[in-house]
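Below: one structure, written as structure tokens.
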Amino acid sequence: MTININFLLIPEIVLILGIIAILLISVFINKNSFKFSLYSSLILLIITSFLVLLNYQDSFINNNKLFITNLFIINFKILIIISSILVLLIMENYFQDLKINKFEIPILILFSVFGMLVMISSNNLMSMYLGIEIQSLSLYILASINRKSLKSSEAGLKYFILGALSSAFLLYGCSLIYGFTGSLNFEDIYQKMSVFNNLNIGLIFGLIFVITSLGFKISAVPFHMWAPDVYEGSPTPITAFFTTAPKIAGIALLIRFLFEPFGNFWFDWHQIIIFISIASMILGAFAAIVQDNFKRLLAYSSIGHIGYILIGVVSANDSGIKAIFIYLVIYIFMNFGIFAILLSLKNDNGYIEKISNLSGLGKSNPIVSIVLTIMLFSMAGIPPLAGFFGKFYIFIAAIESKLFVLAIIGVLSSVIAAFYYLRIIKVIYFEENKENLEITLNPNTKFVIYLSALFIILFIFFQSKILELSNFVSYNIIN
Amino acid sequence: MLATFTLFLPLTGYIISFFFLRNSDPKYSQNLTSILIILSSIFSWIILFNIIEYNEVEKINLLNWINSGNLSVSWSLRIDTLTSVMFIVVTNVSAAVHVYSIGYMKNDNSIPRFMSYLSLFTFFMLILVSSDNLLQMFFGWEGVGLTSYLLIGFWYHKKSANDAAIKAFIVNRVGDFGFLIGILGIFIIFDSIYFDEIFSKVYLFKDHKFIFLGNFFSTLDAICLFLFIGAMGKSAQIGLHTWLPDAMEGPTPVSALIHAATMVTAGVFMVSRMSPLFSESSFASDFITIIGATTAIFAATIAITQNDIKKVIAYSTCSQLGYMFFAAGLGAYNSSIFHLMTHGFFKALLFLCAGSVIHAMNNEQDMQKMGGLSKKLPITTLLMWIGTLSIIGFPFFSGYYSKESILHASFFSNNYTGLLSYIIGIITACLTALYSWRLLFLTFHGNNRSDTIDYKDAHESPLIMLIPLIFLAIGSVFAGIFFNDLFLGEFSYNFWNNSIIIEQFHKDYIPFSQSLIIKLSSIIGISLALIFYYYKTDFQEIFYKKFKLLYLISFNKWYFDEIYNFLFVKPSFIVANIFWINGDEKTIDFYGPNGISKIISKISIIFGRFQTGYLYHYAFVMIIGLSGFLTWYLYFKSL
Numbered sequence: 148m149t150i151n152i153n154f155l156l157i158p159e160i161v162l163i164l165g166i167i168a169i170l171l172i173s174v175f176i177n178k179n180s181f182k183f184s185l186y187s188s189l190i191l192l193i194i195t196s197f198l199v200l201l202n203y204q205d206s207f208i209n210n211n212k213l214f215i216t217n218l219f220i221i222n223f224k225i226l227i228i229i230s231s232i233l234v235l236l237i238m239e240n241y242f243q244d245l246k247i248n249k250f251e252i253p254i255l256i257l258f259s260v261f262g263m264l265v266m267i268s269s270n271n272l273m274s275m276y277l278g279i280e281i282q283s284l285s286l287y288i289l290a291s292i293n294r295k296s297l298k299s300s301e302a303g304l305k306y307f308i309l310g311a312l313s314s315a316f317l318l319y320g321c322s323l324i325y326g327f328t329g330s331l332n333f334e335d336i337y338q339k340m341s342v343f344n345n346l347n348i349g350l351i352f353g354l355i356f357v358i359t360s361l362g363f364k365i366s367a368v369p370f371h372m373w374a375p376d377v378y379e380g381s382p383t384p385i386t387a388f389f390t391t392a393p394k395i396a397g398i399a400l401l402i403r404f405l406f407e408p409f410g411n412f413w414f415d416w417h418q419i420i421i422f423i424s425i426a427s428m429i430l431g432a433f434a435a436i437v438q439d440n441f442k443r444l445l446a447y448s449s450i451g452h453i454g455y456i457l458i459g460v461v462s463a464n465d466s467g468i469k470a471i472f473i474y475l476v477i478y479i480f481m482n483f484g485i486f487a488i489l490l491s492l493k494n495d496n497g498y499i500e501k502i503s504n505l506s507g508l509g510k511s512n513p514i515v516s517i518v519l520t521i522m523l524f525s526m527a528g529i530p531p532l533a534g535f536f537g538k539f540y541i542f543i544a545a546i547e548s549k550l551f552v553l554a555i556i557g558v559l560s561s562v563i564a565a566f567y568y569l570r571i572i573k574v575i576y577f578e579e580n581k582e583n584l585e586i587t588l589n590p591n592t593k594f595v596i597y598l599s600a601l602f603i604i605l606f607i608f609f610q611s612k613i614l615e616l617s618n619f620v621s622y623n624i625i626n
Numbered sequence: 008m009l010a011t012f013t014l015f016l017p018l019t020g021y022i023i024s025f026f027f028l029r030n031s032d033p034k035y036s037q038n039l040t041s042i043l044i045i046l047s048s049i050f051s052w053i054i055l056f057n058i059i060e061y062n063e064v065e066k067i068n069l070l071n072w073i074n075s076g077n078l079s080v081s082w083s084l085r086i087d088t089l090t091s092v093m094f095i096v097v098t099n100v101s102a103a104v105h106v107y108s109i110g111y112m113k114n115d116n117s118i119p120r121f122m123s124y125l126s127l128f129t130f131f132m133l134i135l136v137s138s139d140n141l142l143q144m145f146f147g148w149e150g151v152g153l154t155s156y157l158l159i160g161f162w163y164h165k166k167s168a169n170d171a172a173i174k175a176f177i178v179n180r181v182g183d184f185g186f187l188i189g190i191l192g193i194f195i196i197f198d199s200i201y202f203d204e205i206f207s208k209v210y211l212f213k214d215h216k217f218i219f220l221g222n223f224f225s226t227l228d229a230i231c232l233f234l235f236i237g238a239m240g241k242s243a244q245i246g247l248h249t250w251l252p253d254a255m256e257g258p259t260p261v262s263a264l265i266h267a268a269t270m271v272t273a274g275v276f277m278v279s280r281m282s283p284l285f286s287e288s289s290f291a292s293d294f295i296t297i298i299g300a301t302t303a304i305f306a307a308t309i310a311i312t313q314n315d316i317k318k319v320i321a322y323s324t325c326s327q328l329g330y331m332f333f334a335a336g337l338g339a340y341n342s343s344i345f346h347l348m349t350h351g352f353f354k355a356l357l358f359l360c361a362g363s364v365i366h367a368m369n370n371e372q373d374m375q376k377m378g379g380l381s382k383k384l385p386i387t388t389l390l391m392w393i394g395t396l397s398i399i400g401f402p403f404f405s406g407y408y409s410k411e412s413i414l415h416a417s418f419f420s421n422n423y424t425g426l427l428s429y430i431i432g433i434i435t436a437c438l439t440a441l442y443s444w445r446l447l448f449l450t451f452h453g454n455n456r457s458d459t460i461d462y463k464d465a466h467e468s469p470l471i472m473l474i475p476l477i478f479l480a481i482g483s484v485f486a487g488i489f490f491n492d493l494f495l496g497e498f499s500y501n502f503w504n505n506s507i508i509i510e511q512f513h514k515d516y517i518p519f520s521q522s523l524i525i526k527l528s529s530i531i532g533i534s535l536a537l538i539f540y541y542y543k544t545d546f547q548e549i550f551y552k553k554f555k556l557l558y559l560i561s562f563n564k565w566y567f568d569e570i571y572n573f574l575f576v577k578p579s580f581i582v583a584n585i586f587w588i589n590g591d592e593k594t595i596d597f598y599g600p601n602g603i604s605k606i607i608s609k610i611s612i613i614f615g616r617f618q619t620g621y622l623y624h625y626a627f628v629m630i631i632g633l634s635g636f637l638t639w640y641l642y643f644k645s646l
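Residue numbers (my numbering), protein chains in the order written: chain S, 148 to 626; chain C, 8 to 646.
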């Protein structure tokens, strides 16, 4: 028992100590401090992930009831760490080319990872809030890290102000919940509320405020407004980071928040999640059609993906949680595959961001364009690629819970969404080459591209393995 | 095991030459596909001899196909006597045609495509005949339809070839639909589509009735009728025969393989395969007899006046298929299959000889422009004689045994359809002799009527084309003697081993007078041809003037195409146009795909406008969303 208690926060403690160490050393290195902090951060993340895995067992451990761990949390932590590793792998060239190779960037990413780990293993409204704030603050800085760019600064500022608003909602919601239950601890709240037949207005307000704030973190409609602007303005690797790790953490926390303290009140919260889910899917499908900026398009696409994931949340059954996990795994690889390609394509004006810049890629660079095409087909959910199975399991879960309307809307919006993915493919293959694209693949990026391409193509062969793994995810969250 | 090889060697040939040898030297694909087919024909002989020796029905399960509710189907082969006989016909004719094509298609641009289609056809045909359930049979059935379409339209740059291909496909659709209804009916009634299970349950449902429009109908009759409609389409029986003459647009080897020896006989095969069913339904059997007999005489009357050498043989095929059907309708399934086999050999021989003539005459197909070719093409002439003697049933040639047995069967069957078909069979035999010898005389004898250059350049075909011809000629001469006892005689009951229903007609010998009539009918036909087309060619003119109406009816194929055009094609064009323009373009497209995509792009522009870039708008939307949720819950709760 004692060993377990020690292990509970060990990954986080090692991570934060490591971050401080890297920060201190980097300050004293004059040359190549970016490279040093980048690679040492990579190593630190790998170590952390080992430490997380070391405690891979499904048992509740309380440490002053502030934190908790179980297999669900561990698996999501691993997902977060994997996506941060991938983002560190693809970022090097970009920042060096733009001459913003500051050693703080990897460190800030690590800080936000630390925040995420804290936030999803929190078992208390306070620790939850602290985790969210740690990750958010680092993200605000990361968004505006390219100080010379007006867009980047604007993105950072917008994110910060709206983020502050959402934090206010969160705190207000927490205080309402505390006020009506007299407790901050998830389990205590659950216990206190289990005597209620219905939620009273105060608790409903608290619930909605917290959902609003978490919805902001995962950029679900109608709290998504920041996402396109911030994604477009931030440096591309940071955008890649935004589309994955914080969203995974947000989803994990949302699931835990809804299923642990409010586990008995599915009837009260499911309508709001259904609305958010439908709105996200539809907006993600429709608004992306007119975009010509690739990053903006991916922002809308990620809003749409969140909509699908929320279907899994509403399903509130085992297979729903499993489906979310599988969806996220696939989503990470699809997303990083596309971003890694985006980060290796340059024209005369620097890194390309417009879809029209891709014209004629099919002829000038067949291999890269085939990989990109596979990613996009997978995003559009075309079998036998991985993206299809992600959606498939989600819809199955919805059907198991008899959410037929939701499943139908999901299918329809994915049909509409397929249009803009296919449009990119059309640009790649069927439009005249207008500019000379230069492709620089550094080994890390290459690794990420091939890894994700292989994952997406071969997923169909080892999906049973992933399904097995996902069995551990769905734990007794649903009582 | 051997059967599996027989079946999949052609498929292998197709896959390799279609996907990998398309752009390489044609001789690879020619050699590959030919060798594989020859191997598979050797295997099929071994299978037949095994069957003769041991008489065992072999069933090979390959793969599961469908498992759904009561329906479970697997890919499986059933090698019984009927299958092995069909294997012989299909693989041997196919092998001959493959080899022949090497010479015939020498100057074509897409030889690998041609060879691979031939192999694919062979594969589908083998699937059809070796299936042990109706669904797999239907797969083969559709597969041969597809390859027939591809091969008729092989020269796709020719409009007439494309039209003929489409026509064949569409007319066959009509028949296939009937077949499909038959299969569904069987599944509903018998709850299975496996032959064994169906046949074992036939006696249970003998008197099964269903109500349609207030009347009782025999279910078995209805099922058999629908199945036979399928057979009519594929085997070009009267009414659904119009595609066969047009199908001659395809290369001649294709006509020999698909439209003479194998695919068109699939209908006969199917009726024989389902013989336990058909023999219980006297109504359907009578219907088959009448249709078969009508087709036999109808096609023969047309063949007399056609000038295109291939069309004559095509109508003759149609007529011979009529023979096979009325034999099957009378219950003489073994005679029917026997005639199928001998016909496969001599008809393929006739077609390939015609191909040889066409080859020699620089693609000229009009017999009126030929004549006197026997001096230029001695071997082809000899082989054509053999084929013709066989088709008219000259004693001891293969056609003699099979046709004679069909006529015997009709003579001994004690009902009016038997009598009718017997009379028609004899008249048709006379007509057969007439048009066959007309073809011989017009093509090979008499004076040449072509442009002199073509005649001068005419030359005997190369050896590679002659060898398959000789092989088929051997078949046409000896197949009858060799198989007569097995198929019809005293061993027949053991030989067929319940794969078809055998009704013994041959206990008595046909009276000598009748035998004389049969033989006399052919002689009359030959003499007529001799008079009209050899000695007194001016009789043609006189005949034409005196019986102009009869001549025109025959020459214009009884106006079937024109009637169909008026009844079906034009009205369906008009209706289709209405649906296309008003229904599809103006309604479905306008409000459907086009309308929706317009709306979608409008909506997405509106969504785009939300994204103003102003921070306070964003914050406003967030707060609107939040208060919206709160309001919803307040309202919801207060209810």
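Beta carbons are placed, not taken as given, at the ideal position from N, Cα and C, and that holds for glycine.
First through last residue of the alpha helix (DSSP H) which encompasses residue i
i	result
Ile418 of chain C	According to the sequence displayed, residue 418 of chain C carries Phe and not Ile. Note, Phe418 of chain C: alpha helix (DSSP H), Ser405 to Phe419.
Pick from the options that is closest to residue i, judged by C-alpha positions
i	options	result
Met526 of chain S	S:His452, S:Ile488 and S:Val368	S:His452
Ser462 of chain S	S:Phe183, S:Ser503 and S:Phe551	S:Phe551
Gly362 of chain S	S:Ile456, S:Ser466 and S:Asp244	S:Ile456
Ser288 of chain C	C:Thr312, C:Tyr210 and C:Met255	C:Tyr210
Ala446 of chain S	S:Met372, S:Gly534 and S:Leu226	S:Met372
Thr90 of chain C	C:Pro578, C:Ala334, C:Asp183 and C:Val275	C:Val275
Leu16 of chain C	C:Thr129, C:Asn68 and C:Ile73	C:Thr129
Pro408 of chain S	S:Gln338, S:Gly467, S:Phe388 and S:Met522	S:Gln338
N-terminal and C-terminal residue of the beta strand (DSSP E) that residue i is part of
i	result
Arg294 of chain S	Counting along the chain, Arg294 of chain S falls outside any beta strand (DSSP E), and DSSP gives it neither H nor E.
Glu407 of chain S	Looking at the DSSP string, Glu407 of chain S is not in any beta strand (DSSP E), and its letter there is neither H nor E.
Asp223 of chain C	A small correction: the amino acid at residue 223 of chain C is Phe; Asp does not occupy that position in the sequence shown. It spans Asn222 to Ser225 - the beta strand (DSSP E) in which Phe223 of chain C sits, taken as one unbroken run.
Chain C contact for residue i (CB, 8 Å cutoff)
i	result
Asp376 of chain S	yes
Lys538 of chain S	no
Thr520 of chain S	no
Thr390 of chain S	no
Ile625 of chain S	Per-residue confidence for Ile625 of chain S stands at a pLDDT of 46, beneath the threshold of 50, marking its modelled position as unreliable; no derived number is given.
Met372 of chain S	yes
Residue-chain proximity (residue i, chain S), Cβ-Cβ < 8 Å
i	result
Leu622 of chain C	yes
Ile610 of chain C	yes
DSSP bridge partner residues for residue i (one or two, in chain order)
i	result
Phe219 of chain C	C:Asn222
Gly497 of chain S	S:Asn494
Between the CA atoms of residue j and residue i - distance to the nearest angstrom
i	j	result
Ser268 of chain S	Phe214 of chain S	6 Å
Phe175 of chain S	Arg443 of chain S	38 Å
Ile398 of chain C	Asn71 of chain C	43 Å
Gln282 of chain S	Met263 of chain S	6 Å
Asp203 of chain C	Ser286 of chain C	16 Å
Pro385 of chain C	Thr98 of chain C	28 Å
Any non-hydrogen atom of the ligand COA within 7 Å of residue i CB
i	result
Ile236 of chain C	Because no ligand of any kind appears in the structure shown, any question about the ligand COA cannot be addressed here.
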